[in-house]
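Let me begin by presenting the structure, written as structure tokens, before commenting on it.
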Amino acid sequence: MDKLFSSNNFLRVIAVILSIILWLSVQFPNNTQTAVQPVTHIDKFPRPVHVETAANMVVTSVKPAVATLQVKESLLTTALSQQMLNVEILADAKKLGPGTHQVSVQAIHAPPINYQLNPTKITITLAKKATEQRTVKVVLKGSVKQGYKMGDPSSTVNTVSLIGATQKLRQVTKVEAVVQVNGASSDLSEQVDLVPVDNSGTTVQGVTVSPATATVNVPIQSPETTASIHPQIVGTPAPGYAVAGVSVQPNSVKLFGENAPVNVQLPVDVSGLTATSTKKIGIPLGQTIQQARPEEVSVKVTIEQASSKAVKKLPIQIRNVKSTEVVQLGKTTTVDLRLTGPQSVMNTLSTSNITAYIDASKLTPNDTSAPILINTPKWVQVTQMSTTSVPVTVTKG
1 MDKLFSSNNF
11 LRVIAVILSI
21 ILWLSVQFPN
31 NTQTAVQPVT
41 HIDKFPRPVH
51 VETAANMVVT
61 SVKPAVATLQ
71 VKESLLTTAL
81 SQQMLNVEIL
91 ADAKKLGPGT
101 HQVSVQAIHA
111 PPINYQLNPT
121 KITITLAKKA
131 TEQRTVKVVL
141 KGSVKQGYKM
151 GDPSSTVNTV
161 SLIGATQKLR
171 QVTKVEAVVQ
181 VNGASSDLSE
191 QVDLVPVDNS
201 GTTVQGVTVS
211 PATATVNVPI
221 QSPETTASIH
231 PQIVGTPAPG
241 YAVAGVSVQP
251 NSVKLFGENA
261 PVNVQLPVDV
271 SGLTATSTKK
281 IGIPLGQTIQ
291 QARPEEVSVK
301 VTIEQASSKA
311 VKKLPIQIRN
321 VKSTEVVQLG
331 KTTTVDLRLT
341 GPQSVMNTLS
351 TSNITAYIDA
361 SKLTPNDTSA
371 PILINTPKWV
381 QVTQMSTTSV
391 PVTVTKG
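Numbering (the numbering used here), first residue to last: 1 to 397.
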């Protein structure tokens with residue numbers, strides 16, 4: 001071993017190794033330090049300051065109103081960021097009276113990390129709490145859809161309590177419930193905040209409203225049309241009876257809806273009636289009628305005993321002949337009828353009140369017959385005809 005350490009060759013090898021180590025340390029002096037040095041982030045989390053006061057005190061001023069938590073972390077995680085958002089900044093002023101004070105602030109619910117709070121003290125002004133009652137004013141902003149109208153709005157809250165410093169309450173001229181009605185075409189029902197405002201309409205800060213919200217209902221009326229009511233008989237009375245008249249009260253109604261009609265056909269069912277009857281019938285609604293006022297009308301149906309009468313050889317007329325055609329009847333030029341109706345009408349019925357005719361407006365030279373049409377007094381019905389059509393000849397004129 002002594003010979004080895006005294007050998008020149010061994011010493012030369014050791015010298016070379018030491019030289020290489022020294023060269024490496026000179027060429028790469030900071031590599032190890034760079035690899036292990038952590039990257040430090042400084043993140044700021046501003047949070048509002050909440051001042052706790054005695055029950056009979058209110059805060060009128062907080063300066064500054066926000067405190068910031070500064071966090072130095074080698075790696076800020078998403079979970080940590082979320083935890084910082086849950087931090088509350090509190091200032092304890094429960095034992096303080098009216099006036100301006102400096103109080104310390106502290107962070108509550110902070111995660112177990114190192115942080116710096118800035119500032120650590122704030123300036124607050126306290127005043128004795130006052131309470132006043134005020135009426136809520138509903139404010140409608142905007143316009144409804146063209147042709148529609150707004151009714152009177154209503155609020156579920158009409159009176160509120162204002163809580164705050166006396167000088168703040170003096171600034172409040174009204175409490176508004178604002179509803180936007182832009183383009184509305186149907187009733188609105190919205191929950192809105194109740195806002196204390198001054199003469200210029202600016203919100204008065206530092207005033208608590210109780211309750212804080214209300215539901216406002218705004219009726220929206222569709223375009224309005226006055227329509228006439230036209231009863232239409234449906235069904236037939238009991239055998240031996242006939243309809244002698246129908247009256248409607250009122251005979252016109254107001255309809256609400258876009259493109260609402262000016263005439264309303266009102267079905268009136270008379271099936272099986274044996275005596276005069278009065279009943280309420282609702283106005284039929286639909287796509288063009290959203291609402292009717294009144295919603296129903298009174299309809300009186302007069303029923304009488306029925307009577308019948310035979311009419312012989314009633315002449316058949318030709319009506320609405322085209323200027324370019326000639327229309328002639330064949331051998332049949334008259335028709336026999338049996339008519340039925342209420343006695344009061346049938347007793348005065350004569351052939352002068354009855355007309356039989358054909359409508360030539362749609363006839364062509366190819367047609368050889370035409371249907372017979374009958375005009376009778378109101379409530380009189382044709383129950384029998386000797387023929388329902390007649391032979392015709394149509395030629396070019």
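Note that CB positions come from ideal geometry on N, CA and C, so glycine has one too. It should be emphasised that the depicted structure is a prediction, and the values quoted were computed from it without experimental measurement.
- Around the CB of S200, fewer than 16 other CB atoms lie within 10 Å, so the residue is classed as exposed.
- Taking 8 Å as the cut-off, the beta carbon of L349 is found no closer than this to the beta carbon of V321.
- Burial is judged here by how many other beta carbons sit within 10 angstroms of a residue's own beta carbon; T53 has at least 16 and is buried.
- Pairing I108 with V62 gives a Cβ-Cβ distance that is not under 8 Å.
- The C-alpha of V204 is placed about 8 Å away from the C-alpha of L169.
- Comparing alpha-carbon positions, the option among S185, L126 and I220 lying closest to M150 turns out to be I220.
- It is roughly 23 Å from the alpha-carbon of V157 to the alpha-carbon of A165.
- Within the stretch 143–231, the complete alpha helix (DSSP H) segments at least 4 residues long are 166–171, listed from N- to C-terminus.
- At the C-beta level, L194 and V138 stay beyond 8 Å of one another.
- Q133 is bridged by DSSP to S161.
- When secondary structure is reduced to three states using DSSP, K362 falls in the helix class.
- Residue environment: P112 is assigned as exposed (fewer than 16 neighbouring CB atoms within 10 Å of its CB, all protein chains considered).
- By the criterion of a C-beta distance shorter than 7 Å, Q83 is surrounded in its chain by P111, once the five residues flanking it on both sides are discounted.
- Counting C-beta atoms within 10 angstroms of its own C-beta, G286 has fewer than 16 neighbours from the protein chains shown and is therefore classed as exposed.
- Residue nearest to V172 within the set D187, G142, K145 and E132 is E132 (criterion: CA-CA distance).
- In this structure, the CA atom of P250 is about 50 Å from the CA atom of P365.
- Distances from the alpha-carbon of V144 to those of V253, T125 and P223 put P223 closest.
- In the DSSP assignment, V345 falls within the unbroken alpha helix (DSSP H) covering Q343 to M346.
- Beta-bridge pairing by DSSP links D43 to V71.
- Assignment of T340 by DSSP, reduced to helix, strand and coil, places it in the strand class.
- Q83: member of the alpha helix (DSSP H) spanning T78 to L85, first to last residue.
- Beta-bridge partners of S307 (DSSP): G341.
- Contact between G235 and S271 holds, with the beta-carbon distance rounding to 3 Å and staying under 8 Å.
- Its Cα nearest to that of P391, the residue K331 stands out among S361, Y241, K331 and L140.
- If you draw a straight line from the Cα of V49 to the Cα of T120, it comes to about 11 Å.
- Residue environment analysis places A67 among the buried positions, since at least 16 neighbouring C-beta atoms fall within 10 angstroms of its C-beta.
- In its chain, beyond the 5 residues on either side, V299 have a beta carbon closer than 7 Å to the beta carbon of K279.
- Between the alpha carbons of V103 and L117 lies a gap of roughly 14 Å.
- Secondary structure of T276 (DSSP, three-state): coil.
- In the DSSP assignment, H101 falls within the beta strand (DSSP E) that extends over G99 to I108.
- Nearest to T276 by C-alpha distance, out of V264, I303 and A260, is I303.
- Note on geometry: alpha-carbon atoms of P342 and N182 lie some 58 Å from one another.
- The three-state reading of DSSP puts T368 in coil, since its state is none of H, G, I, E or B.
- DSSP places T383 in the uninterrupted beta strand (DSSP E) bounded by Q381 to M385.
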